[in-house]
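Step one of this worksheet: look at the structure below.
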Amino acid sequence: MNLTLKIWRQKDSKAKGQMVDYKVTDISEHMSFLEMMDVLNEQLVNSGEEPVAFDHDCREGICGMCSMYINGEAHGPDRGVTTCQLHMRMFNDGDTITIEPFRAAAFPVIKDLVVDRMAFERIQQAGGYISVNTSGNTQDANSIPISKHAADEAMDAATCIGCGACVASCKNSSAMLFVGAKVSQYALLPQGQVEAVDRVKNMVAQMDLEGFGNCTNTGACEVECPKGISLENIARMNREYLSATLKG
Amino acid sequence: MALDSKVPKGSIKDKWTDYKNHIDLVNPANKRHIDVIVVGTGLAGGSAAATLAELGYNVKAFAYQDSPRRAHSIAAQGGINAAKNYQGDGDSTYRLFYDTVKGGDYRSREANVYRLAEVSANIIDQCVAQGVPFARDYGGLLDNRSFGGVLVSRTFYAKGQTGQQLLLGAYSAMNRQIARGKIEMFNRHEMLDVVIVDGKARGIIARNLITGEIERHSAHAVVVGSGGYGNVYFLSTNAMGSNATAAWKIHKKGAYFANPCYTQIHPTCIPRSGDYQSKLTLMSESLRNDGRIWVPKNMEDVMAIREGRKKPTDLSEDERDYYLERRYPAFGNLVPRDVASRAAKERCDAGYGVNATGEAVYLDFASAFERYGREQAKIHNITNPSDEKIYELGQAIVEAKYGNLFQMYEKIIDQNPYKTPMMIYPAVHYTMGGVWVDYNLMTTIPGCYCIGEANFSDHGANRLGASALMQGLADGYFVLPYTIGDYLSDDIRTGKIPTDTKEFDEAEKEVSDRINFFVNNKGTKSVDYFHKKLGKVMWDKAGMSRNAEGLIEAMAEIKAIREEFWKDVSVPGTADEMNPELEKAGRVADFLELGELFAKDALMREESCGGHFREESAELDGPQKGEAKRNDEDFAFVAAWEYKGEPANAVLHKEELEFKDIELKQRSYK
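Sequences listed follow chains Y and C, in order. In this text, residue positions in the first sequence follow UniProt numbering: the first is 1, and each later residue adds one. In this text, residue positions in the second sequence follow UniProt numbering: the first is 1, and each later residue adds one.
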């Protein structure tokens, strides 16, 4: 298929960006979206132009590095996938595809389609861990039985890949789904109880400090999340937060 | 320099304990004055950085990704081994040790492997304490699954995302230390050289990948945990950015590189579909617990399937060749990876491949749906269930176990694997070879350590499934933090290492010169052009099976590609900005050297062992006819190569392998 691409180009964080049109031809429907971008970049390199910078790494939907906003949707039109798992069979010959970086005040653009997601790092540093020593002098793993249900739910929350699609999809640029997933993973496990009060307070405080917006329950984040993280995690975080504030 | 593995004396069971009891320690007050650099933040680097910081050292950690959590360990699916014997099926430290040495085709160092097995149980305790949500059974206890090459269930897992969960555990431990200021994290930074002062590794030169700035970082020791070099094949299951640069740079500065030819070609990957393909995707080996591998028995059926006249589900049981079950009745579909991969290649080379490229075999779950379905019907007291009901119940169980893998397959291939068998083909996945290290995990450069996949030590010539995660975390959490203390105890009075010295000047100049060369070369061909060309030579001549003629050609061809690369590579953009093409150029330049050493090593090793199958060395008759033939008399050694300029001139040093606790046998899975 032949396609027209409208891509955001921006030299660096300080430069002003703009949309630029490109054409690609003979794109196979079996290609992944990023392989289509590789074709474009090879074309640009061969004609002496600078290729489009975009984040990507594992190309199997787990590292959370890729981050494009395609035709107005984070990770593009398919559901339950990251951009690297999006395939060209989702598009038609002759289509014009708009490709932008994730947009949010807390995710400044570094270059072209690459954004800075360090805000997520700082939120996790604020409490996204259990304070055990890594020396291995812990109790036997089976000495804390955990119900299968709780373990499975914690696992569902823990599958978050930290890509930021939730923030990019939210009209308020809220990070509640991401933080909710992190808080929930520990809230659901007995190991996480000891520090539960401080954890939720500190992570939420950091989230606010980073300039993410509030949640107004539109649910766009859940729809666009490549890992299907549920809104229940936001509700659970709100409960945890409320109970933490009441406990002082 | 003679290789000294520094394996402690004493019986294998006591070596590690005795060693820990007698090493020098650094007291907590002094650790504050010692800096350690950790390059790479996967399971090995991440767990090492967290533990060293927790012990009190000042750690500087480097990742080329925008977060430590994105290192490629995250993509490991199936699980992590540990000799817990929770299933009561006869597992023990010795048995895990034995399986790993045997699985590695008797080419690993016994003492290292025993230590790995010994600390394995502790890893699970550690990870559970960190909140890693491992799969559990209905009683609330940890669940296990079985992996290739073993007869017990010792693999712990978190759905098909075990690597992700373990890495997030290590990452959370890092975050705790970053928050305390004990780890200084350098995201989007790439190490481009190691700095050696008075014979010791004392720092690195790194490039800030956002600004292009070249930075100097000093430390009392440098730890490289930068992963494997599978991308030397261009197509592999590695991440796009996975590279050998850090490992190769230390090799060029004096670290010997061991067994480069030991590559793992993983049997269950999604087959390639076209020339544009940028990477291959793995389907976890755990699928072989429940999937059966087959091709049609008759060539007419193969043709009918390729032309779309027949579907795989049209073939009856007698029309199918379950070749692994036929050839290896004892282990069946759970033979080790090297054996499974070669068997798939054998069938496809004979013309039985089931897709248009002729490079695919089926992985079929029909009998698992049936088996689980019947079991569930019994559990739920459903009498006389219909076939549909059985299928439905069975599918639900398979979905719970491998749902994300089935979804991934469907997204890529656009076929529903619950309805039709998956197609799979072997792909490059892991490299057992790597930087040579002694028992302390120190390279031949004093103060320079190498851990995880980047080193060579624990898997011999073939790695068993679910052992990579085990080794990465064992090295980082439990081994290196002890061994590095012994070395650093001499540095308590050294003080901060200055970076305004001639050693740093020289290293930085070398790095800058190379970068400037690339951006000013103005050649006519892209970096990928050369990388793909290298990959093709590697796959065709140093892939699943190798022969002397092909390897000699490969060496010459790689050298020619390298020369053309340095003349004609084109790198757009400038040095002082984010420039992904420039990053790739540096990595491919290193692969173009490593590839040639790889072929040289494979040529030298005139035996078949593990992932290295030399066509000249196969069993000619008897029950093992056609199987790999190892030569313990001449090749029971680690091949450690010393850099001497051109890869062809590398000098071989041998570390003879002694097997005192395990008898060397032919590795039979029949």
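For every residue, glycine included, the Cβ atom is placed at its ideal position computed from N, Cα and C.
Measuring C-alpha to C-alpha distances from V114(Y) to each of G127(Y), G17(Y), M31(Y) identifies G17(Y) as the nearest. In this structure, the beta-carbon distance from K411(C) to V223(Y) does not fall below 8 Å. Here DSSP, grouped into helix, strand and coil, assigns H189(C) to strand. Within chain Y, not a single residue places a beta-carbon under 7 Å from that of Y57(C); the smallest gap is close to 13 Å. In the assembly as shown, I97(Y) is a buried residue. Its beta-carbon has 16 or more other beta-carbons within 10 Å.
Residue pairing by DSSP places T98(Y) opposite K6(Y) in a beta bridge. Using a CB distance cut-off of 8 Å, R9(Y) does not count as an interface residue toward chain C. In this structure, E110(C) is the residue among K20(C), S73(C), Y19(C), E110(C) with its C-alpha nearest to the C-alpha of E663(C).
With its beta carbon less than 8 Å from one in chain Y, H72(C) belongs to the interface. Apart from the 5 residues on each side of it in sequence, A589(C) has no Cβ closer than 6 Å to any other Cβ in its chain.
Taking one beta carbon from each stretch, the segment 248-261 of chain C and the segment 190-202 of chain C have 3 or more pairs nearer than 8 Å; the two touch. Residues D35, V197, R202, G203, S218, A219, H220 of the same chain have their beta carbon placed closer than 8 Å to that of I497(C), with the five preceding and five following residues left out of the count. In the three-state scheme derived from DSSP, where H, G and I count as helix and E and B as strand, Q130(C) is classed as coil.
In this structure, F530(C) sits near I561(C), with a CB-CB distance shorter than 8 Å. Secondary structure remark: continuous alpha helix (DSSP H) runs of at least 4 residues inside the segment 509-596 of chain C, in chain order: 527-541, 548-568. As the crow flies, the alpha-carbon of G45(C) is around 19 Å from that of D125(C). Using a Cβ-Cβ cut-off of 9 Å, G80(Y) is close to Q407, K411 of chain C, given in chain order.
Per DSSP, the beta bridge partners of I80(C) are F156(C).
DSSP, read as helix, strand or coil, puts M422(C) in strand. Taking a cut-off of 8 Å for Cβ pairs, the segment 2-14 of chain Y and the segment 106-124 of chain Y touch, as three or more such pairs fall below it.
For I124(C), the closest Cβ of chain Y is nearer than 8 Å.
Nearest CB-CB separation between T25(Y) and chain C: not below the 8 Å threshold. The CB of E49(Y) comes closer than 7 Å to the CB of P572 in chain C, given here in chain order. Here DSSP, grouped into helix, strand and coil, assigns L324(C) to helix. Closest by C-alpha distance to D364(C), out of E655(C), E317(C), L168(C), is E317(C).
Annotation for Q18(Y): the continuous beta strand (DSSP E) segment containing it runs 18-24. Residue state for F365(C) is assigned as coil, using DSSP reduced to three classes. The residues Y262, T263, Q264, I265, D338, M432, A461, N462, in chain order, have a CB closer than 7 Å to that of G611(C) in the same chain once the five nearest residues on each side in sequence are set aside. Beta-bridge annotation (DSSP): R614(C) is paired with R546(C). Among the CB atoms of chain Y, one or more fall inside 8 Å of the CB of K159(C).
For the set A119(Y), E49(Y), L5(Y), R89(Y), the Cα lying nearest the Cα of Y69(Y) is the one of L5(Y). Secondary structure of K411(C) (DSSP, three-state): helix. Taking the C-beta atoms as reference points, K311(C) is found no nearer than 8 Å to T483(C). Judged by DSSP in its simplified three-state form, D505(C) adopts helix. The DSSP-derived three-state label of W436(C) is coil. Legend: CB atoms of the segment 86-110 of chain Y lying less than 9 Å from CB atoms of chain C belong to residues L86, H87, R89, I110.
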